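Q: To start, I am sharing the structure in question, which I have written as structure tokens.
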Amino acid sequence: MSEGHAAVMAEPTWRGGGTPLAVGHKKFGMWLFIMSDTLTFSGLLIAYSYLRAANDWPTPFHFFPSIVFSTIMTLVLLTSSLTMVYAVSAAHHGARRKAVKWIWLTALCGSIFVILHGYEWMHLMVDEGMYPWANEYGTPAFGATFFLITGLHMFHVISGVGYLAIVALGYRRGKWLPEDVEVAGLYWHFVDLVWMFVFPMIYLLSTSVD
Amino acid sequence: MTEVQVSPEVAGYTEVHRHPEPKSFIWKYIFSVDHKVIGIQYLLLAVVAVFVGMALSLLVRLRLIWPNESLPLLGDLFPVGAPGGVMTPEFYLAMLTMHGTVMVFMVLTTAPQGGFGNYFLPIQIGAADMAFPRLNMLSFWATFVSFMLLMAAFFVEGGAPMSGWTGYPPLSAVPEATVQGIGQDLWIASIAVFCIASLLAALNFIVTTLDLRAKGLTMMRLPLTCWTWFVTAILALLAFGVLLAAGVLLLMDRNAGTSFFVPGGLVVSDRQIDHSGGSPILWQHLFWFFGHPEVYIAILPGMGVTSHILSTFARKTVFGYKAMVYAVLAIGLLGFVVWGHHMFVSGMSPYSAFVFAILTMCIGVPSAIKTFNWIGTLWGGKIRFTSPMLYSIGFVSLFVTGGLSGIFLGQPTVDLYFHDTYFVVAHFHLIMGVAAIFGMFAGMTFWFPKMFGRMMDEGLSKIHFWTTFVGVYAIFGPMHYLGMLPHPRRYAEMSDVDYLLTTGAEGLQQFITVAAVLTILVQFLFLYNFVRGIFAGKECREENPWEATTLEWAVPSPPPHDNFAGKVPHVYRGAYDFSLQGAKRDFAMQCNDDKAVYGDQPGSGD
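Protein chains in written order, with this note's numbering: chain A, -8 to 201; chain B, 23 to 628.
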């Protein structure tokens, strides 16, 4: 792969039709998509910070059950990143069946995350009376930002589970390459990484410390 | 030179974009994955949109000079918006909003990048297609859906949105404030779909430019058109994601009862609005973080086309090619840090305004580099005054005129006075509207023989150029003066404003409307020339009618399905080798090696 990079450095020897950044074009495309999606999430998190600074922000979450529960969700999602690493590694070693198994396990962890998240939403809405348009803790912006940001993240996880399923089926039939597993892995890790910003900003910073 | 081992992945992707030629009509012309067909689809979409946008601007101009007169036909066409032929102020605002939205998104963003970029980027870099052909098709059809959603806003109950193309809340966020129906929601949905389409297209452009260049085509040998499409794509990739986020928030404010952009204590028509905790300024930050790069998304491809055409018809290499590339990159970079200069009057700390003003002034530097390099390119050239050349020179003129007023508006103290006046209307129309449109005229007349194998009529194009050039100055020149009066913008009528009645503003407004009507009429000449050119223009089967240097002129007109008929081009030189010493012709194409250029004499090459 380093030859491609060298070709860019030594300009007149550029041989065309190659991979100047030492990545295949699908992987490169995914990186660019991730950059764009990062800007979308950044826009939302900056909007959240802006509204948080402009309002008297409530801190209704308690260590138990809110933080314990969301920590379990975080662990499930982190585990899915680990299984994805194993899937990519197995695919690159040509262990097709093993890789497919790890991909399904990743999708399973993602699904568990979505179920736990859905349960949490139900709890907040039914038991705590917290909705996007109103809540009992204080400014309505609290509920609005919470549901919007976690909702968009959850949408990414659900799409990711679907994407992983397609990759698992396609890769098992030999239609997709190990490279495609890695590209799916990039997306999956990105969704995890977003959560690592959402979790402290939305949950931990809204916890009362008494 | 040792041959680099090509990795299996590379072999894999050359297969992907070498798709077979489709046979049936639907797959060949409707759901085509061929970048050339998609490029023309984008161009046709933009042509339809630009005439819709012009019709809207005509209504706006008519309302301004005849606010209370009954106009023929209007009452029948718009029974709600213009009862008895008299346009209501709400109707005026709706037309203004839709004019801006249609023009900015569906014309200025689609045609230069989606149209010309799609068609010519792959050919100019020696590729058979874009890196992701199917994604390309998806981008176009999503753009089409977005256009349909926007058009649907005209026909729903309550009518089109009237909160401006910038969609400022609370007007856009609180249904009670403007439109009760779903017009505004359709507008937001249209923009959201457009964002997704644009950022996927941008991703495609970036990968294509970096990965699919032909052998020998280094970045510093790229035609400047490719550079501007590339930088535009980077801007689009980063800007549209943020607008998408803002659009989702606005849609929730309207439909899910949230209050992201609606402050507490808002009263509309004596009624307290049940919202609290939001901030309208937040929308402005998010919107203009997109909005300013959007200005460059519209204008940069025009700059590329202008550089390209000036060099070709002055028979001189581009003056300061590297400086041109760095200037484009600098403009792109600075475009992301100046959004605050749209918000000087929105309530901003003077310190922030100061920083934004300094950064805004910095954009003057790369812009001046580009302008002087264009003049340097023309200086001492053997200029051929073809119609593309005239349009390109027109672009430089409009860019300078519009740019100079930008220096005034970039100063917070001056902007406080000018911001809500016609001075701003004049500024942004000249620089991002009309200049970019002249870039498109230039591109269309220049590339027309390549796209359709026929010529547009040079005489008609030249008549169109001169009338339009004089016309746009007649429209937007006097607006600078109106702005200094100061004549406020966005107002549906001025008949009650005493101080304007004594200053000649009314006469000027009438003059502008007459100029606008005439200029709009002249555009039908261009449309006629365009349509006639496709079906009955002078046949032009030669590959290189303009004696240009880049790769698209080395293939047949129109190019075959895979552009190079199965061959892989090889590039030996930069994009603008004109008037070479000792060469057989006065230009050398990028795919000519030294032997082809200089013959067999030893030592004549570099």
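Glycine included, each C-beta is placed from N, C-alpha and C at the ideal position.
Since the model is a prediction, treat every value here as computed from it, not as a measurement.
(1) For residue 344/B, count neighbouring C-beta atoms within 10 Å of its own C-beta (all shown protein chains included) and say buried if the count is 16 or more, exposed if not.
(2) Considering only residues of the same chain and omitting the five flanking positions on each side of residue 117/B, which have a CB-CB separation below 6 Å?
(3) Using 10 angstroms around the beta-carbon of residue 99/B, count the other beta-carbons present and answer buried if the total reaches 16, otherwise exposed.
(4) Determine the chain B residues that contact residue 35/A at a beta-carbon separation under 7 Å, and present them in chain order.
(5) For residue 57/B, count the other beta carbons within 10 Å of its own beta carbon; 16 or more makes it buried, fewer makes it exposed. Which is it?
(6) Could you tell me the boundaries of the alpha helix (DSSP H) in which residue 233/B lies?
(7) Between 378/B, 95/B, 114/B and 90/B, which lies nearest to residue 108/B when the distance is taken from Cα to Cα?
(8) Three or more C-beta pairs closer than 8 Å, one from the region 350 to 365 of chain B and one from the region 312 to 323 of chain B: is that the case here?
(9) Would you call the CB atoms of residue 229/B and residue 99/A closer than 8 Å?
(10) Please state whether the Cβ-Cβ distance between residue 258/B and residue 211/B is less than 8 Å.
(11) Touch check for the region 602 to 619 of chain B and the region 565 to 572 of chain B: three-plus C-beta pairs under 8 Å?
(12) Can the beta-carbon of residue 49/A be found less than 8 Å from the beta-carbon of residue 128/A?
(13) Could I get the ranges of all uninterrupted beta strand (DSSP E) runs contained in the region 101 to 170 of chain B, with 3 residues as the minimum, in chain order?
(14) Would you verify that the beta carbon of residue 24/A is, or is not, closer than 8 Å to some beta carbon of chain B?
(15) Can you list, in chain order, the residues of its chain with a C-beta nearer than 7 Å to that of residue 219/B? Leave out the 5 residues immediately preceding and following it.
(16) Just curious, the alpha helix (DSSP H) that residue 288/B is in, first and last residue?
(17) Suppose you measure from the CA of residue 130/A to the CA of residue 512/B; what does that come to, to the nearest Å?
(18) In chain order, what residues of the same chain have a beta carbon less than 7 Å from the beta carbon of residue 599/B, not counting five sequence neighbours either side?
(19) Which residue from 215/B, 275/B, 297/B and 579/B puts its Cα closest to that of residue 265/B?
(20) If you scan the region 379 to 458 of chain B from start to end, which runs of the alpha helix (DSSP H) of 4 or more residues do you find wholly inside it?
(21) Short of 8 Å in beta carbon distance, which residues of its chain neighbour residue 364/B, apart from the five on each side in sequence? Order them along the chain.
(22) Return the residue from the list 87/A, 63/A, 75/A and 68/A that minimises the CA-CA distance to residue 166/A.
(23) Going by alpha carbons, who is nearest to residue 195/A out of 142/A, 158/A, 137/A and 124/A?
(24) Given a threshold of 16 other Cβ atoms within 10 Å of its Cβ, counted over all protein chains shown, does residue 277/B qualify as buried or as exposed?
(25) From the DSSP output, read off the bridge partner residues of residue 561/B.
(26) Residues in the region 29 to 54 of chain A with C-beta within 7 Å of chain B's C-beta atoms, listed in sequence order?
(27) For residue 27/B, does the count of other Cβ atoms within 10 angstroms reach 16, so buried, or fall short, so exposed?
(28) Return the residues of the region 107 to 128 of chain A that lie within a Cβ-Cβ distance of less than 9 Å from chain B, sorted by chain order.
(29) Cβ of residue 185/B within 8 Å of Cβ of residue 119/B?
(30) Under three-state DSSP, which class holds residue 177/B?
(31) With 8 Å as the threshold, decide whether the Cβ of residue 567/B is near any Cβ in chain A.
(32) If distances are taken between C-alpha atoms only, which option among 141/B, 392/B, 50/B and 373/B comes closest to residue 581/B?
(33) What would DSSP say about residue -5/A, mapped onto helix, strand or coil?
(34) So with Cβ pairs under 8 Å, would you call residue 514/B a contact of chain A?
(35) How about residue 71/A: is its C-beta nearer than 8 Å to some C-beta of chain B?
(36) Bridge partners for residue 510/B per DSSP, in chain order?
A: This is what the structure holds:
(1) exposed
(2) If you ignore the 5 residues before and after residue 117/B, its C-beta comes within less than 6 Å of the C-beta of 78, 81 and 82, all in its own chain and listed in chain order.
(3) exposed
(4) 267
(5) buried
(6) 205 to 233
(7) 90/B
(8) At 8 Å Cβ cutoff, the stretches touch.
(9) no
(10) Using a Cβ distance threshold of 8 Å, residue 258/B and residue 211/B do not count as a contacting pair.
(11) yes
(12) yes
(13) none
(14) yes
(15) 161, 164, 165 and 168
(16) For residue 288/B, no alpha helix (DSSP H) segment is defined, and its DSSP state is neither H nor E.
(17) So the alpha carbons of these two residues sit roughly 34 Å apart.
(18) 339, 571, 609 and 610
(19) 215/B
(20) As far as the region 379 to 458 of chain B is concerned, its whole alpha helix (DSSP H) runs of at least 4 residues are 409 to 431, 434 to 440 and 444 to 450.
(21) 306, 310, 313 and 314
(22) Nearest neighbour of residue 166/A by Cα position, chosen from 87/A, 63/A, 75/A and 68/A, turns out to be 87/A.
(23) 137/A
(24) With fewer than 16 other Cβ atoms from the protein chains shown falling within 10 Å of its own Cβ, residue 277/B counts as exposed.
(25) 476/B
(26) 30, 31, 34, 35, 38, 41, 42, 45 and 46
(27) Any reading at residue 27/B is ruled out, since the residue's pLDDT is 37, under 50, leaving its predicted position unreliable.
(28) 122, 123, 124 and 125
(29) yes
(30) Three-state DSSP puts residue 177/B in coil, outside helix and strand.
(31) Between residue 567/B and chain A, the shortest Cβ-Cβ separation is not below 8 Å.
(32) If we check each option's Cα against that of residue 581/B, 141/B comes out closest.
(33) Summary for residue -5/A: the model assigns pLDDT 43, below 50, so the residue's position carries little reliability; its value from the coordinates is reported in the next sentence. Correct three-state label for residue -5/A: helix.
(34) no
(35) It does not; no Cβ of chain B falls within 8 Å.
(36) 443/B
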